[in-house]
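Chemist: If you read the sequences in order, they're chains Y and A.
Note that the first sequence covers residues 1 to 181 in the UniProt record's numbering.
Note that the second sequence covers residues 1 to 181 in the UniProt record's numbering.
Note that beta-carbon positions come from the ideal geometry of N, C-alpha and C, so glycine has one too.
This is the structure, below, for whatever I ask next.
Number of protein chains: 2
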Amino acid sequence: MNTNHLCLGILSLGDASGYEIKKAFEETFSHFQATSFGSIYPALAKLTEQGLVSFHEETQEKRPTKKVFTITQEGQAHFYQTLLKAEPTEQYRSDFLFLMMFAHLMPREHIEALLNKQTDHLKMELGILERIITECQTLTPGMRFTLEYGIIGNRALLELMQQRSMPLIEEIDAARSPQAL
Amino acid sequence: MNTNHLCLGILSLGDASGYEIKKAFEETFSHFQATSFGSIYPALAKLTEQGLVSFHEETQEKRPTKKVFTITQEGQAHFYQTLLKAEPTEQYRSDFLFLMMFAHLMPREHIEALLNKQTDHLKMELGILERIITECQTLTPGMRFTLEYGIIGNRALLELMQQRSMPLIEEIDAARSPQAL
DNA sequence: ACATACATGTAAATAGTTACATGATTTC
DNA sequence: GAAATCATGTAACTATTTACATGTATGT
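So, in structure tokens, the structure goes:
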């Protein structure tokens, strides 16, 4: 799954400009996919070249002209094949967890700061997901599922952070103190 | 955080060869970090060049000779600075969730297959994490925390998969059937 | 005056994976 | 006889991010 596939997918849900596709990834899909302008614009150019999408320019008042992309029938058929053939991969990369492995080497204040930052991060993401699932009316069943998936995961992790942060800090401090005595 | 940092971190826990570092990422840390030989060997060469690690060759019987790397004092100091300065980033990329957004376009059997595959994936990872946390005796408090983090997250998601998979399929089928009648 | 939102696009830099090359030993 | 494990390393390829370039309008 690369940016080409992601763009085709978003366009299968409705017309959009490159800028709007980026916004969708920043908002609705940010918890499980991300991409940048530097990937999106070349992707849309390539999809147009391949005849999988087409576009028309829309001149706006007090806004720059935008290119609105539409998925073609070939694009729809191509995306359908992608859906059936894709080998879904999962990847989670966390610097936070890697750093926590070495918490015993850090000053107490720094461990606290890292734990607080991660807690805030989880809270923020949870807030976004809950807002979308309650406010947005036009979700497909699958989208509602992806939002629930994110909410359930983040809630469980937040609970863990709230229960285990202090005990972890105390445990590391306890292991340190013998040298101080 | 790049492969250089990851290697330094692993070596701060004890001496290891490139091959052993790769194994560590396949086993113990696979739920939140990954890397490949093509990244590890150049990283170790660069760290050696910078004087952050040193190595000695160990000839083995019935096994190829291996280079065992040791973190130097400079390496330890450098890693400590990394721990304090690092801006921890989180990234989760899931093709599974992206595909689920378009479940309404797929045949029922395909949705089922995707959900089953994801469930199996979560079960397998959960099994690995639970085995490590019970069997491994030499874990730092931080490592135990990272394992718990993975376990709690996966358990919550598995429960969701078990509760929501069938309802999701039924809901999508129900939305489809009016056309069939 | 400065930052942000809107809007498109390119190019360089970064980083990583995959495949290849080599070779012994063990297991199925 | 084939595949897996142990062991190191390089090179090509792939993909993505970051920074740059350009310009209007709005908000602080």
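1. Which chain Y residues are close to Ser94 (chain A), counting only those with a beta carbon under 7 Å from its beta carbon?
2. Name the two residues that bound the continuous alpha helix (DSSP H) containing Glu135 (chain A).
3. Would you say His78 (chain A) lies against chain Y (beta-carbon separation less than 8 Å)?
4. So Ala103 (chain A) contacts chain Y; which residues on that side make the cut at Cβ distance below 7 Å?
5. Give me the subset of the segment 19 to 45 of chain A whose CB atoms are less than 8 Å from a CB atom of chain Y, sorted by chain position.
6. To the nearest angstrom, how far is the alpha carbon of Gln91 (chain Y) from that of Arg93 (chain A)?
7. Looking only at its own chain, which residues have a Cβ that is under 7 Å from the Cβ of Ile21 (chain Y), when we skip the five neighbours before and after it?
8. Can you give the Cα-Cα distance for Ala43 (chain A) and Asn4 (chain A), rounded to whole angstroms?
9. Would you identify the three-state DSSP class for Pro88 (chain A), choosing helix, strand or coil?
10. Just how far apart, CA to CA, sit Met101 (chain Y) and Glu159 (chain A)?
11. What's the gap between the Cα of Phe25 (chain Y) and the Cα of Gln33 (chain Y)?
12. Residue 222 (chain A): buried (16+ other C-beta within 10 angstroms of its C-beta) or exposed?
13. Keeping to the same chain, check which residues put their C-beta closer than 7 Å to that of Gln137 (chain A); ignore five residues upstream and five downstream.
14. Measuring alpha carbon to alpha carbon, tell me which of A:Met143, A:Thr89, A:Met124, A:Ser12 ends up nearest Tyr80 (chain A).
15. At a CB distance below 7 Å, what residues from the segment 118 to 150 of chain A approach chain Y? Give them in sequence order.
16. Mind checking which residues open and close the alpha helix (DSSP H) that includes Phe96 (chain Y)?
17. Between the C-alpha atoms of Ser54 (chain Y) and Glu87 (chain A), what's the straight-line distance to the nearest angstrom?
18. If you drop the 5 nearest sequence neighbours on each side, which residues of the same chain put their C-beta closer than 8 Å to that of Glu57 (chain A)?
19. I'd like the span of the alpha helix (DSSP H) that includes Ser12 (chain Y), first residue to last.
20. Please confirm if Ser54 (chain Y) has its CB atom under 8 Å from at least one CB of chain A.
Modeler: The short version:
1. Chain order gives the chain Y residues near Ser94 (chain A) as Phe32, Glu90, where near means a beta carbon separation below 7 Å.
2. Its alpha helix (DSSP H) spans residues 108 to 135.
3. Residue contact check for His78 (chain A) against chain Y: no CB pair falls below 8 Å.
4. Those are Pro141, Gly142, listed as they occur along chain Y.
5. For the segment 19 to 45 of chain A, the set of positions with a beta-carbon nearer than 8 Å to some beta-carbon of chain Y reads Phe29, His31, Phe32, Gln33, Ala34 in chain order.
6. For Gln91 (chain Y) and Arg93 (chain A), the distance between alpha carbons rounds to 5 Å.
7. Around Ile21 (chain Y): Cys7, Ile10, Ile40.
8. About 5 Å.
9. Three-state DSSP puts Pro88 (chain A) in coil, outside helix and strand.
10. Each residue's Cα considered, the two are about 27 Å apart.
11. Cα to Cα, the separation comes out at about 7 Å.
12. Any property of residue 222 (chain A) remains undetermined from this structure, which presents chain A solely from 1 to 181.
13. Around Gln137 (chain A): no qualifying Cβ.
14. Of the candidates A:Met143, A:Thr89, A:Met124, A:Ser12, the one whose C-alpha sits nearest the C-alpha of Tyr80 (chain A) is A:Ser12.
15. If the cut-off is 7 Å between Cβ atoms, the segment 118 to 150 of chain A has His121, Thr140, Pro141, Gly142, Met143, Phe145, Thr146, Glu148, Tyr149 near chain Y.
16. Phe96 (chain Y): member of the alpha helix (DSSP H) spanning 95 to 100, first to last residue.
17. Straight-line spacing of the CA atoms in Ser54 (chain Y) and Glu87 (chain A) works out to 41 Å.
18. Sequence-distant partners of Glu57 (chain A) (beyond 5 residues in either direction) whose C-beta falls short of 8 Å from its own C-beta, in its chain, are Thr65, Lys66, Lys67, Val68.
19. First-last of the alpha helix (DSSP H) with Ser12 (chain Y): 3 to 12.
20. Not an interface residue.
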